[in-house]
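Chemist: Quick one: the structure is below, and I'll ask about it shortly.
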Amino acid sequence: MADYLPLHDWTNITPTEAVALQQQLRSQIQIQPLSQPPRTIAGCDISFNKFEETVYAGIVVLNLKTMETIEEVGVISSATFPYVPGLLSFREIPSLLEAWTKLRAEPDVVMFDGHGTAHPRRIGIASHAGLFLNRPTFGCGKSVLVGKYEEPAPERGAWSPMLHYRDVVGAALRTKNKVNPVYVSPGHLIDLEMAISLTLQCDGGYRIPEPTRRTHNLVNALRRGERKAD
DNA sequence: GCGACAG
DNA sequence: ATCTTGTCGC
């Protein structure tokens, strides 16, 4: 089963302590070219009923070349940390790590529903998780947290840089003609160019790339009782 | 001081 | 994120 580095505890953390942890961890994040050509990619996501702390987390691994699903795992867990813009990782990563533990495959790269460096302190969920998983990760979000950008051309593949202060923190990428862009940013052990390339490679004809889309369907089915957890 | 604010 | 029907546009 896949493992990870227990860099720090996730329980009994206050929002203030969470910010301090991010400041401490950010220096360990590495934005660089991929060291190995990836063959598989994993998508991660969670689902939950409003006002309830039970969360349904899942991970789907697919073949990058064929987009075939190789493996999928789902777990029913609990999230105590609230949703706070900028601190999403503290709410979602714990349950995602539980799912990760049940994985037999060792994904070459992991995609997150959220941001990596396109974060006020440059450590969004994709970057934070990348440090724990110790492998290439990146974020592909549906909306912006921070960063300004010029509208990219309407054709699929067009993109424009997202700027936060003086940094290029990500890219607004068009994954489908004349459809709102998605926001891509590197998490750890990868660079923006490759994150963009992989996002486009995970095309399934929808705005949302396949890893995230399939995982979203998986965790929703789990929440509705249409599927069983592992 | 006043808004904005991943999922 | 989740709750939800119809409806505008290509």
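The first sequence begins at 47 in my numbering and counts up one residue at a time.
Even glycine gets a Cβ: it sits at the ideal position worked out from N, Cα and C.
This structure is a prediction, so every number in the text was calculated from the model and none was measured.
Relative to the C-alpha of Q70, which residue among P79, R85, L80, L53 is closest?
Modeler: When each option's Cα is compared against that of Q70, the closest is L53.
Chemist: Given that a residue counts as buried once 16 or more other Cβ atoms are within 10 Å of its Cβ, and exposed if not, what is A66?
Modeler: Exposed, since its Cβ has fewer than 16 Cβ neighbours within 10 Å.
Chemist: Enumerated in chain order, which unbroken segments of the alpha helix (DSSP H) with a length of 4 residues or greater are wholly contained in the stretch 166–242?
Modeler: If we require 4 residues or more, the alpha helix (DSSP H) runs fully inside the stretch 166–242 come out as 171–179.
Chemist: Determine the DSSP secondary structure at N266, reduced to helix, strand or coil.
Modeler: N266: helix per DSSP, three-state reduction.
Chemist: Put V106 into one of helix, strand or coil per three-state DSSP.
Modeler: The answer is strand: DSSP assigns V106 an E or B state.
Chemist: How about V125 and V156: do their beta carbons lie closer than 8 angstroms?
Modeler: The sequence as given places Ala at residue 125; Val does not occur at that position. No. Outside cutoff.
Chemist: Taking the alpha helix (DSSP H) that E118 falls in, what are its first and last residues?
Modeler: Here E118 belongs to no alpha helix (DSSP H); instead the beta strand (DSSP E) covers 115–124.
Chemist: Give every residue of the same chain whose Cβ lies closer than 7 angstroms to the Cβ of A218, excluding the five residues on either side of it in the sequence, and list them in chain order.
Modeler: Excluding residues within five positions, the ones whose Cβ falls inside 7 angstroms are Y195, P198, W205, S206, M208, P227, Y229.
Chemist: From the DSSP output, read off the bridge partner residues of D49.
Modeler: Answer is none; D49 lacks a bridge partner.
Chemist: Helix, strand or coil: how does DSSP classify I254 here?
Modeler: Residue state, collapsed to three classes: coil.
Chemist: Indicate the three-state DSSP secondary structure (helix, strand or coil) for S93 in the structure shown.
Modeler: In the structure shown, S93 sits in a strand (DSSP, three-state: E or B).
Chemist: Per DSSP, which one or two residues make a beta bridge with V155?
Modeler: Bridge partners of V155: I87.
Chemist: Measure the Cβ-Cβ separation of S135 and S123 and say whether it is below 8 angstroms.
Modeler: No; because the gap between Cβ atoms is not below 8 angstroms, this pair is not in contact.
Chemist: Per DSSP, what kind of secondary structure is I139 in: helix, strand or coil?
Modeler: I139 falls in the helix class under three-state DSSP.
Chemist: Rounded to a whole number of angstroms, what is the C-alpha to C-alpha distance between L264 and T86?
Modeler: So the two alpha carbons sit approximately 18 angstroms from each other.
Chemist: Which residues mark the beginning and the end of the alpha helix (DSSP H) in which Q70 is found?
Modeler: Its alpha helix (DSSP H) spans residues 61–71.
Chemist: Looking at the structure shown, is T57 part of a helix, part of a strand, or coil, going by DSSP?
Modeler: T57 falls in the coil class under three-state DSSP.
Chemist: Would you mind sorting V192 into buried or exposed? The rule is 16 or more other CB atoms within 10 Å of its CB.
Modeler: It counts as buried.
Chemist: Within 10 Å of its beta-carbon, does D159 have 16 or more other beta-carbons around it, so buried, or fewer, so exposed?
Modeler: So D159 counts as buried.
Chemist: I believe K224 touches P255 by the beta-carbon criterion, under 8 angstroms. Please report the beta-carbon distance rounded to the nearest angstrom.
Modeler: In fact, because the Cβ distance is near 18 angstroms, the residues do not count as touching under 8 angstroms.
Chemist: Would you mind stating whether R259 and Y252 have Cβ atoms separated by less than 8 angstroms?
Modeler: Going by C-beta atoms, R259 is nearer than 8 angstroms to Y252.
Chemist: For T112, does the three-state DSSP call read helix, strand or coil?
Modeler: In this structure, T112 counts as coil in the three-state DSSP scheme.
Chemist: Can you tell me the Cα-Cα spacing of V214 and V190, whole angstroms?
Modeler: Computed Cα separation, rounded: 14 angstroms.
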